[in-house]
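Numbering (our numbering), first residue to last: 468 to 1236. What follows is a single structure, written as structure tokens, with notes after it.
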């Protein structure tokens, strides 16, 4: 068999690297079923080297140990054509004499999370020491029969869940200590080569993001018990009497994600079921949760793990895949011996974003929104962005655009954004459209999200200067726009019928998120989203000298703008209707009409005042308010932003510690990525910090303080840090703006403007008479 080939991206070019290691799996396995494997290799060292680097990967997931200590977890989620491998220096874990390299590899088969893709269960490792390479005679493997799926979930009726199966673990069959030096693996067979087609099965590429953060959190707040003697005081360690059924409800007091670790002793034959939930339910058939802190009369519903304890001392049980929860209910049944719960904690796991921005103001409630929003963003980012950590864990374009901007403004780390842009490009179908979510083994197409992907590329263009990175997306942009052109009537430009699921927003009058007219070619909203993408593409193609194509996109946008105004603008109401019948009016159509300048600029402010004040319009939900706030800022109504944060204030008042998918009665997800948008808006709209030119080369600061007396913020910039301190006074506004070295810009307030230079700038602008 030929050598396995890895591909690394270097300066925009793909370079091949040969691997002298092979994928390995369990003998006789078909590689596609549910399977949990353990691999081991023993290494003797006369002396510990200063450095010993290994490249490794697994399918679907692996956790790597050296001498019993966790060294790496991966691979970063991707697809078989871009399969990630990690690189780790294991020298700090080594010792003189005997050493053991061990890997846990698992594949949930048909029950795997939607966000996971698989080619064939296996593990691969290469090193400068050939004895460590997989495919040699030194590796041993066992199939862990202690694991089986715990698939039936107790999710609320009708809730879509895509996070895969829970675990059922039989402690009596578990090979305790398998990853440690003293374990006897002499009975384990040698692995077989895994994968059909050799180097053609998976193209290995280096991980392009850092390893995930892992931090221990205590799980110790007991809110409710049943079955415990009254003399027992809940807390850990906790002894559960023999022949007893006990229920313990634990509360993290805030939503979290990670790997809960349960340590048990004694109590042979005891069974512990751990059920995880974002919130307790009053009525899970109606999705009623009520105040999240209150537990009276409520019940837990959700996915769970089951641990069957063998009676050993200080056994560690943890799920294979991450869990999301605020509440955990432990339902315990003991047999003839008391069970001791030694402790329970969570290994919080997320992308290692750092909070490098701050926001403070005269309204302390905004700081709670800031903190809650940032927690929402953190919990919705792992190796990809995720729409929600509890129900789906999928990277959707609509959510990801907002998440990426939050990341740029609060952290300054653009690596996960770059990764997302590439992955959506990799998801493109022969039609030219991207998939709506990726990576995933369950294909879904939302044509409007393909248009949002183009806007996301443009966002990167405005905030980072990396022309070579952007150039790679031109074919994909063209593919998306060619698809829409093919679905547009030559005789009637408004007649666009993209098919698939044309999701726009969860507005009440929309059909499963789809606006009226989406199927019969009469939707102004679909047309306006297409216009927006054409306009963004025009700028991007001009950047690379593609003048002819840019001009075609400009003309297409202008022609469609005329059609939308001509057929859908109602002169009596002074608003864009959703269809030419002019019987349904929404915030959405008019927001997009303003953002694309389809509505003439001289009318835009008046239109947006109606959008805000006319409650008869179809209202934007949390997701589409991101675009509502952009339109308000564009027409000079940014001061109204703060009065429209009601859904976010309401969420906090109801005890949520993250922001939900949608406000009101339908709160399927208590943590949804797009609802973190205030962490962008408080900096971009209230403090007014936006890029004035591509790459954030120059800065435009247009504050919208509303009723605030002062704001204070800082945020990362490609060249350093922007710091803004502003306070209103009887004459106007005063304060300072500090720009990083080699940056410049302008400050604008109430129609007055002042230049900004690098370093500290003093601001003193009088209020217009």
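Don't be surprised by glycine CBs; every beta carbon is placed ideally from N, CA and C.
Applying the 10 Å Cβ sphere with the 16-neighbour rule, what's the burial state of residue i?
{"i": "residue 1011", "result": "exposed"}
{"i": "residue 831", "result": "exposed"}
{"i": "residue 989", "result": "buried"}
{"i": "residue 909", "result": "exposed"}
{"i": "residue 1014", "result": "exposed"}
{"i": "residue 1116", "result": "exposed"}
{"i": "residue 478", "result": "Bear in mind that the predicted position of residue 478 carries a pLDDT of just 31, short of 50, making it unreliable; the figure below should be weighed with that in mind. Under this definition residue 478 is an exposed residue."}
{"i": "residue 553", "result": "buried"}
{"i": "residue 865", "result": "buried"}
{"i": "residue 651", "result": "exposed"}
{"i": "residue 1195", "result": "buried"}
{"i": "residue 633", "result": "buried"}
{"i": "residue 447", "result": "With the chain covering only 468 through 1236, there is no way to say anything about residue 447."}
Since residue i and residue j are thought to touch, with beta carbons under 8 Å apart, how far apart are those beta carbons, to the nearest angstrom?
{"i": "residue 1146", "j": "residue 877", "result": "5 Å"}
{"i": "residue 1166", "j": "residue 1212", "result": "3 Å"}
{"i": "residue 915", "j": "residue 969", "result": "5 Å"}
{"i": "residue 659", "j": "residue 714", "result": "Not quite, the Cβ-Cβ distance comes to about 45 Å (not below 8 Å), so this is no contact."}
{"i": "residue 691", "j": "residue 716", "result": "4 Å"}
{"i": "residue 818", "j": "residue 729", "result": "Actually they do not touch by this definition, with Cβ atoms about 25 Å apart."}
CB-CB under 6 Å to residue i, same chain, minus the five flanking residues each way: which ones, in chain order?
{"i": "residue 493", "result": "504, 608 and 610"}
{"i": "residue 664", "result": "With a pLDDT of 32 at residue 664, under the threshold of 50, the predicted position of this residue should be treated as unreliable, though the coordinate-derived value follows. So the list is empty, once near-sequence residues are dropped."}
{"i": "residue 480", "result": "Low confidence applies to residue 480: its pLDDT is 31, below 50, so where it sits in the model is not reliable enough to give any reading."}
{"i": "residue 983", "result": "1045, 1046 and 1051"}
{"i": "residue 826", "result": "837, 1149 and 1180"}
{"i": "residue 920", "result": "864, 891 and 901"}
{"i": "residue 530", "result": "540 and 571"}
By the three-class DSSP mapping on this structure, what secondary structure does residue i have?
{"i": "residue 525", "result": "strand"}
{"i": "residue 539", "result": "strand"}
{"i": "residue 743", "result": "strand"}
{"i": "residue 1168", "result": "strand"}
{"i": "residue 993", "result": "helix"}
{"i": "residue 610", "result": "strand"}
{"i": "residue 843", "result": "helix"}
{"i": "residue 664", "result": "Per-residue confidence for residue 664 stands at a pLDDT of 32, beneath the threshold of 50, marking its modelled position as unreliable; no derived number is given."}
{"i": "residue 1190", "result": "strand"}
{"i": "residue 800", "result": "strand"}
{"i": "residue 887", "result": "helix"}
{"i": "residue 549", "result": "helix"}
{"i": "residue 1040", "result": "coil"}
{"i": "residue 866", "result": "helix"}
{"i": "residue 597", "result": "helix"}
{"i": "residue 530", "result": "strand"}
{"i": "residue 1183", "result": "strand"}
{"i": "residue 694", "result": "coil"}
{"i": "residue 1093", "result": "helix"}
{"i": "residue 922", "result": "helix"}
{"i": "residue 1115", "result": "helix"}
{"i": "residue 1145", "result": "helix"}
{"i": "residue 617", "result": "strand"}
{"i": "residue 784", "result": "strand"}
{"i": "residue 1210", "result": "coil"}
{"i": "residue 1219", "result": "strand"}
{"i": "residue 848", "result": "strand"}
{"i": "residue 1230", "result": "strand"}
Give a yes or no on whether the minimum CB-CB distance between residue i and chain B is below 8 Å.
{"i": "residue 1016", "result": "Absent from the structure is chain B; it holds one protein chain and no more."}
Taking a contact to mean a Cβ-Cβ separation below 8 Å, would you say residue i touches residue j in this structure?
{"i": "residue 925", "j": "residue 1007", "result": "yes"}
{"i": "residue 748", "j": "residue 765", "result": "yes"}
{"i": "residue 551", "j": "residue 578", "result": "no"}
{"i": "residue 519", "j": "residue 564", "result": "no"}
{"i": "residue 507", "j": "residue 567", "result": "yes"}
{"i": "residue 1079", "j": "residue 1108", "result": "no"}
{"i": "residue 670", "j": "residue 543", "result": "no"}
{"i": "residue 613", "j": "residue 630", "result": "no"}
{"i": "residue 987", "j": "residue 980", "result": "no"}
{"i": "residue 1075", "j": "residue 1059", "result": "no"}
{"i": "residue 722", "j": "residue 793", "result": "yes"}
{"i": "residue 616", "j": "residue 784", "result": "no"}
Leaving out five residues before and five after residue i in sequence, what residues of the same chain have Cβ atoms less than 7 Å from its Cβ?
{"i": "residue 950", "result": "898, 899 and 900"}
{"i": "residue 1040", "result": "1052"}
{"i": "residue 1233", "result": "1198 and 1199"}
{"i": "residue 465", "result": "Given that the chain is displayed from residue 468 to residue 1236, the structure contains no residue 465 and the question cannot be resolved."}
{"i": "residue 1229", "result": "1203"}
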